[in-house]
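Under our numbering, the first residue of the sequence shown carries the number 15, and numbering increases by one thereafter. Cβ coordinates follow ideal geometry from the N, Cα and C atoms, glycine included. If you're wondering where the values come from, they're calculated on a predicted model, not measured in any experiment. All remarks here apply to the structure that follows.
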Amino acid sequence: MNKLITAFLCFFVIQINAQEETDTTTFDAESYQKTLDSINNSFTYQYGEVVLNNGLAILNVPKGFKFLDSQQSKRVLTDLWGNPPSEPLGLLFPEDMTPMHDEFTYAVEIEYADEGYIEDEDAEDLDYDDLLEEMQEDIKAANPQRTAQGYPTMELVGWASPPYYDQDNKKLHWAKELKFEDYDVNTLNYNIRVLGRNGYLNLNAIGEIDMLDTFNADRDNILHSVEFTPGNRYSDFNPDIDKVAAYGIGGLIAGKILAKAGFFAVILKFWKFIAIGAVALFSGFRKKLFGAGKEDA
């Protein structure tokens, strides 16, 4: 549990213990809401055209969305949602959503992976059923190590949306349904990859599995919103000087790159507790504190 959440819980417990002889429901409820409002109002969002990573790519923030820059996104991911430190390019939120929203739906994290040029000749020959089985076995095999490192075990239930590669625009997307240990509601991890000259952009959305239809309705606008700039595009690849990645489209989908040292941290980033559970914790604690007062009234 991160320090911010702990501080909030301690604050409410102290308030109740100190004033348990009086009716503090209104006071505590107002304090809770003021604190969340203060956090949510502390962010400055961008709209329209946004330059990513010093001119590497351009994001045209889709209608109905807002963008949080790299520094503010680090605060959200690490301080508010409890992730290990990372280097996001930003976070894309639905316009009516905030990092600490009671009815959180999803957010899209944008990153850049400088892994080299991804050769895509294997895309047409991939058997996605075989690939899924391979991924399921890889995740199952990694669970003992995850447990030893203090992470929950997980299971890849299946494709929430099967992989699709847009050959013309060099954009790949797929969605996984994940089940985490001790959680009844499965997690949706929607993956978008935009291929470039020297690597690819990651656009990853996380939410509960019932967010699939909501994200599918937004997906095309998100896919069309980001492009590499001239000189950084897939078509700009120069085989004489540019690095080629050690894997193709199949390896990119299977996440073989995650087998490196950052595997567990990356997966934790898409654990539903991070994006949704922190908010639920606040919400549930609030109901526990204030719900009884309303029922007794």
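Contact annotation, valine 171 with glutamate 151: C-beta distance approximately 14 Å; criterion of less than 8 Å not satisfied. Assigned with DSSP and collapsed to three states, isoleucine 255 falls in coil, not helix or strand. Distance from asparagine 203 to lysine 193 at the Cβ level is roughly 11 Å; contact not present, criterion being Cβ atoms closer than 8 Å. Taking 7 Å as the cut-off, the beta carbon of leucine 73 is found closer than this to the beta carbon of valine 240. Taking a contact as a CB-CB distance under 8 Å, the pair valine 122 and isoleucine 236 counts as one, their CB atoms being some 6 Å apart. By the Cβ test, the stretch 103 to 120 is not in contact with the stretch 244 to 252, since fewer than three Cβ pairs between them sit closer than 8 Å. The criterion of a C-beta distance shorter than 7 Å is not satisfied by asparagine 230 and asparagine 218.
In the DSSP assignment, tyrosine 214 falls within the beta strand (DSSP E) that extends over 214 to 222. About 5 Å separates the CB atoms of alanine 259 and glutamate 129; that is less than 8 Å, so the two are in contact. Asparagine 54 has its alpha-carbon roughly 42 Å from the corresponding atom of phenylalanine 251. In the DSSP annotation of this structure, the continuous segment of the beta strand (DSSP E) that includes tyrosine 179 starts and ends at 168 to 180. By a beta-carbon distance limit of 8 Å, glycine 213 contacts tyrosine 126. Their separation comes to about 6 Å. Going by DSSP, leucine 91 is part of no alpha helix (DSSP H) at all; its letter is neither H nor E. Judged by DSSP secondary structure, leucine 192 falls within the beta strand (DSSP E) whose first and last residues are 185 to 194. Looking from the CA of glutamate 109, the closest CA among Lys185, Phe57, Leu91 and Asn216 belongs to Phe57. Boundaries of the alpha helix (DSSP H) around threonine 228: 226 to 237. Boundaries of the alpha helix (DSSP H) harbouring tyrosine 142: 142 to 162, taken from the DSSP string. Close CB contacts of phenylalanine 107 within its chain, under the 7 Å cut and outside five residues either way in sequence, are with Phe79, Lys80, Leu82 and Ala121 (chain order).
Annotation: alanine 155 to aspartate 232 spans about 34 Å, alpha carbon to alpha carbon.
Remark: C-beta atoms of asparagine 68 and leucine 103 do not approach each other more closely than 7 Å. Around the C-beta of threonine 112, 16 or more other C-beta atoms lie within 10 Å, and the residue is accordingly described as buried. By the Cβ neighbour-count rule, glycine 96 is buried, with 16 or more other Cβ atoms within 10 Å of its own.
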